[in-house]
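For reference, the structure is listed below as structure tokens.
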Amino acid sequence: MKRLKGGGALPPKPTWVQLTKGLLGGFFGILTLAVLNQTTGVPWLMAPFGATCVILFAAPQSPLAQPRNVIVGHLLTASVGLAMLYGVGSESWMIALAVGLAIMLMQACRAVHPPAGANPLVIMLAGTQVVGIDYLFTPVLAGSVALVTIAAVINNLGEPHHWPVYWHGIKRG
Numbered sequence: 001m002k003r004l005k006g007g008g009a010l011p012p013k014p015t016w017v018q019l020t021k022g023l024l025g026g027f028f029g030i031l032t033l034a035v036l037n038q039t040t041g042v043p044w045l046m047a048p049f050g051a052t053c054v055i056l057f058a059a060p061q062s063p064l065a066q067p068r069n070v071i072v073g074h075l076l077t078a079s080v081g082l083a084m085l086y087g088v089g090s091e092s093w094m095i096a097l098a099v100g101l102a103i104m105l106m107q108a109c110r111a112v113h114p115p116a117g118a119n120p121l122v123i124m125l126a127g128t129q130v131v132g133i134d135y136l137f138t139p140v141l142a143g144s145v146a147l148v149t150i151a152a153v154i155n156n157l158g159e160p161h162h163w164p165v166y167w168h169g170i171k172r173g
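Each residue of the sequence shown is one higher than the one before, counting from 1 in UniProt numbering.
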């Protein structure tokens, strides 16, 4: 293991199987959402899903990559963004407060998913002309569930990994 300044060590090099899963997961995850976006006329894509793919496919054993964290984390933070946007507006301090509240809510619900922290920003910067309450269902809920479904396939290919590690706080294996 390579030592870093300060005594830490780099993580082990990923295997070719892990690298391939990252490539395939990111590709098929975003491609699926993009195709659904184009063919249904309903939004399925949002920027935080790119970062969700990184966690789902490059660190699938992390608590941050578990289905509960992905889906609930995105739903909670998008709800905060929508509530703030429609309830009080989108001044700079309100956007900052929304992100802080979203983090606190994810922590309190034990559903921390870092990419979801961007949801209030995306929603509040887009504004009421672009984002309605239906945004909570597509792209947030539908996109999160689609990515988790793809992760369940990709992350269980090849090597004997069991993904997800947990769902409702019940650890597998």
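All residues carry an ideal CB built from backbone N, CA and C; glycine is no exception.
Please read all numbers here as calculations on a predicted model, not as lab measurements.
| query | Could you check where the alpha helix (DSSP H) with P60 kicks off and where it finishes? | reply | P60 -> no alpha helix (DSSP H), and no H or E assigned at all.
| field | Between the CA atoms of A111 and R68 - distance to the nearest angstrom | value | Using only the alpha carbons, I get a separation of about 6 Å.
| request: Just list the alpha helix (DSSP H) runs in the UniProt domain "HPP transmembrane region" (12-164), keeping only unbroken ones of 4 residues or longer that don't cross its boundaries, in chain order. | output: DSSP runs (the alpha helix (DSSP H)) wholly in the UniProt domain "HPP transmembrane region" (12-164): 16-40, 48-58, 67-87, 92-108, 119-126 and 142-154.
| query | For H162, does the count of other Cβ atoms within 10 angstroms reach 16, so buried, or fall short, so exposed? | reply | Exposed.
| Neighbourhood of V145 by C-beta, 7 Å cutoff - its chain only, sequence neighbours within 5 removed | So the qualifying residues of the chain are I71.
| Below 8 Å between beta carbons: does that hold for Y166 and L82? | Not closer than 8 Å, so no.
| query | Are there three or more Cβ pairs, one per stretch, closer than 8 Å when the segment 123-133 is compared with the segment 84-103? | reply | They touch, by the three-pair rule.
| field | Per-residue burial, L10 [other beta carbons within 10 Å of its own, 16 or more giving buried] | value | Label assigned to L10: exposed.
| Between the C-alpha atoms of T138 and A108, what's the straight-line distance to the nearest angstrom? | As the crow flies, the alpha-carbon of T138 is around 25 Å from that of A108.
| message | Whole angstroms are fine: how far does the CA of A65 sit from the CA of V99? | response | Just so you know, the alpha carbons of V99 and A65 end up roughly 20 Å apart.
| field | Cα-Cα separation between L36 and I55, rounded to whole angstroms | value | C-alpha separation (whole angstroms): 22 Å.
| query | Taking C-alpha atoms, which residue in I154, V140, A51 and S92 lies nearest to V42? | reply | Nearest of I154, V140, A51 and S92 to V42, Cα basis: V140.
| said: Residues in the same chain with beta-carbon distance under 7 Å from residue 188, minus the five sequence neighbours each way, listed in chain order, please. | reply: Limits of the chain in this structure are 1 at one end and 173 at the other, which puts residue 188 out of reach.
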